[in-house]
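A.B. asks:
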Amino acid sequence: MKQDYLVLEKLTKVFGSGKNTVTAVDNVNLQVKKGELITLLGPSGCGKTTTLRMIAGFEFPTTGKIFIEDKEISMIPPNQRPTTMVFQNYALFPHMTVFENIAYGLKIHREAAKNIREKTEKIISLVGLEGLSERSPAHLSGGQQQRVSLARSLIMEPKVLLLDEPLSNLDAKLRVSTRLEIRKLQQRVGITSVYVTHDQEEAMTLSDRVVIMNAGKIQQIGTPQEIYAHPVNYFVADFIGKANFLEGRVVGMISKNKVEVEVKSKKYEVFTLKDSFSEGEKIFLLIRPESVELEVK
2 MKQDYLVLEK
12 LTKVFGSGKN
22 TVTAVDNVNL
32 QVKKGELITL
42 LGPSGCGKTT
52 TLRMIAGFEF
62 PTTGKIFIED
72 KEISMIPPNQ
82 RPTTMVFQNY
92 ALFPHMTVFE
102 NIAYGLKIHR
112 EAAKNIREKT
122 EKIISLVGLE
132 GLSERSPAHL
142 SGGQQQRVSL
152 ARSLIMEPKV
162 LLLDEPLSNL
172 DAKLRVSTRL
182 EIRKLQQRVG
192 ITSVYVTHDQ
202 EEAMTLSDRV
212 VIMNAGKIQQ
222 IGTPQEIYAH
232 PVNYFVADFI
242 GKANFLEGRV
252 VGMISKNKVE
262 VEVKSKKYEV
272 FTLKDSFSEG
282 EKIFLLIRPE
292 SVELEVK
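Letter by letter, the sequence shown follows residues 2 to 298 in our numbering.
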């Protein structure tokens, strides 16, 4: 079994002071395995980007700890952390070529010129940018710019790759193809990754596991299939996919995972994940459109 590689322990971030305090991240606990791609998903203001920025070192936690390979990095500056980030706006240097942009980090670390050229050419091939080494960012498509940004992060061989909504500037069609490229590349390299998005389809397609956040708190952690089929609360059920909710009440327990409910004076037998309902308890029935079967009478 893979060990926990990235660990967030009771992570909290509070902005402001006195009556103006805002808790952006509230007691977040998360364990990520080596080579896993985890996506932080939630509405605007849920705390997902602040969490990512704390992992990167751009924000320091108010309380809590961050570990990578059992080493605490909570208060270490960004340039000393084994992480790199792919930004939403790519943050490419406009006066540099593709080659120079990708090699920039290695030059800052004063690697030998031969090593820089070998590593840069290798990563250019890996992300499919052959023949574009001498172009400037202005002469690249959005998808190509995104790959330059990704290559610049990967060339530093980070232990954890962080991606902050990297596809949000692309058109819908290009987003679909590019996210598949990112997933294939991540699996090929085997790098532990934390991805932030508000796009449900993106999260469900890319991720080994999805972390649903709201109001600074984690609501649920699970595989895309688990999140969709077995939401743990109303927020997750309503946030993920399309659903209809019917309000009813429990009128009887049939078995451990089967109850009889009454909705608008009609009774139905319903399977449930929870085994502690009681008679008279009010409940919501979640009905996915694809689960409805119609018959002609």
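Cβ coordinates follow ideal geometry from the N, Cα and C atoms, glycine included. All values derive from a computational prediction rather than experimental measurement.
(1) Where do the N-terminal and C-terminal ends of the alpha helix (DSSP H) with Val149 fall, by residue?
(2) With Val177 as the anchor, note down where its alpha helix (DSSP H) starts and where it stops.
(3) Within a Cβ cutoff of 8 Å, which residues of the same chain sit near Ala57, ignoring the five residues on either side of it in sequence?
(4) Apply the 10 Å Cβ neighbour rule to Arg180 and answer buried if 16 or more other Cβ atoms are within range, or exposed otherwise.
(5) Using DSSP with H/G/I as helix, E/B as strand and the rest coil, what is Lys243?
(6) Check Gly66 in the structure and name its three-state DSSP category.
(7) Helix, strand or coil: how does DSSP classify Arg250 here?
(8) Only counting the same chain, and skipping five residues up and downstream in sequence, which positions put a Cβ closer than 6 Å to that of Pro232?
(9) Is the distance from the Cβ of Met254 to the Cβ of Val260 below 7 Å?
(10) How far does the alpha helix (DSSP H) with Ser292 in it reach, from first residue to last?
(11) Cβ atoms of Pro44 and Met55: under 7 Å apart, would you say?
(12) Just mark Pro290 as buried or exposed, buried being the case when its beta carbon has 16 or more other beta carbons within 10 Å.
(13) Measure the beta-carbon distance from Leu286 to Val271 and round it to whole angstroms, keeping in mind my assumption that it falls under 8 Å.
(14) Go through its chain and collect everything with a Cβ distance to Thr22's Cβ below 6 Å, but skip five positions before and after it.
(15) Within the continuous beta strand (DSSP E) that includes Met86, where are the two ends?
(16) Hey, Leu42 and Val211: beta-carbon distance below 7 Å or not?
(17) Between the C-alpha atoms of Lys257 and Leu207, what's the straight-line distance to the nearest angstrom?
(18) Name, in chain order, the residues that DSSP records as bridge partners for Ile222.
(19) My output table needs one value for Asn102: the three-state DSSP class, helix, strand or coil.
C.D. replies: Working from what's here:
(1) In the sequence shown, counting from the first residue as 1, residue 149 sits at position 148. Run containing Val149: 143 to 155, per the alpha helix (DSSP H) assignment.
(2) Working through the sequence shown from its first residue, we reach residue 177 at position 176. In the DSSP annotation of this structure, the continuous segment of the alpha helix (DSSP H) that includes Val177 starts and ends at 173 to 190.
(3) For this step, residue 57 is matched to residue 56 along the sequence shown. Exclusion of the five residues before and after Ala57 leaves Pro79, Arg82, Thr84, Met86, Leu163 as the residues of its chain whose Cβ lies within less than 8 Å of its Cβ.
(4) To locate residue 180, count along the sequence shown from 1; it is residue 179. The residue is buried, with at least 16 neighbouring Cβ atoms inside 10 Å.
(5) For this step, residue 243 is matched to residue 242 along the sequence shown. Three-state DSSP puts Lys243 in coil, outside helix and strand.
(6) In the sequence shown, the residue the question calls residue 66 occupies position 65. The displayed chain sequence assigns Lys, not Gly, to residue 66. Three-state DSSP puts Lys66 in a strand.
(7) In the sequence shown, residue 250 corresponds to position 249, counting from 1. Of the three classes helix, strand and coil, the one that applies to Arg250 here is strand, per DSSP.
(8) In the sequence shown, the residue the question calls residue 232 occupies position 231. The answer, listed in chain order, is Ala238.
(9) Taking the sequence shown and counting its residues from 1, one reaches residue 254 at position 253. Taking the sequence shown and counting its residues from 1, one reaches residue 260 at position 259. Cβ atoms of Met254 and Val260: closer than 7 Å.
(10) As a working mapping, residue 292 is identified with position 291 in the sequence shown. Premise fails: Ser292 is in no alpha helix (DSSP H) and is neither H nor E.
(11) Locating residue 55 in the sequence shown gives position 54, where the first residue counts as 1. Locating residue 44 in the sequence shown gives position 43, where the first residue counts as 1. Going by C-beta atoms, Met55 is not nearer than 7 Å to Pro44.
(12) Taking the first residue of the sequence shown as position 1, residue 290 is located at position 289. Result: exposed.
(13) Start at 1 with the first residue of the sequence shown, and residue 286 comes out as number 285. Start at 1 with the first residue of the sequence shown, and residue 271 comes out as number 270. 6 Å between Cβ atoms; contact.
(14) Counting from 1 along the sequence shown, the entry for residue 22 is found at position 21. Result list for Thr22: Val15, in chain order.
(15) Numbered from its first residue, the sequence shown carries residue 86 at position 85. Note, Met86: beta strand (DSSP E), 84 to 87.
(16) Position 41 of the sequence shown, counted from the first residue, corresponds to residue 42. Position 210 of the sequence shown, counted from the first residue, corresponds to residue 211. Contact: yes.
(17) On the sequence shown, position 256 is the one that residue 257 refers to. On the sequence shown, position 206 is the one that residue 207 refers to. Each residue's alpha carbon lies about 35 Å from the other.
(18) For the purposes of this step, residue 222 is identified with residue 221 of the sequence shown, where counting begins at 1. Val212.
(19) By one-based count along the sequence shown, residue 102 stands at place 101. The three-state reading of DSSP puts Asn102 in helix, counting H, G and I together.
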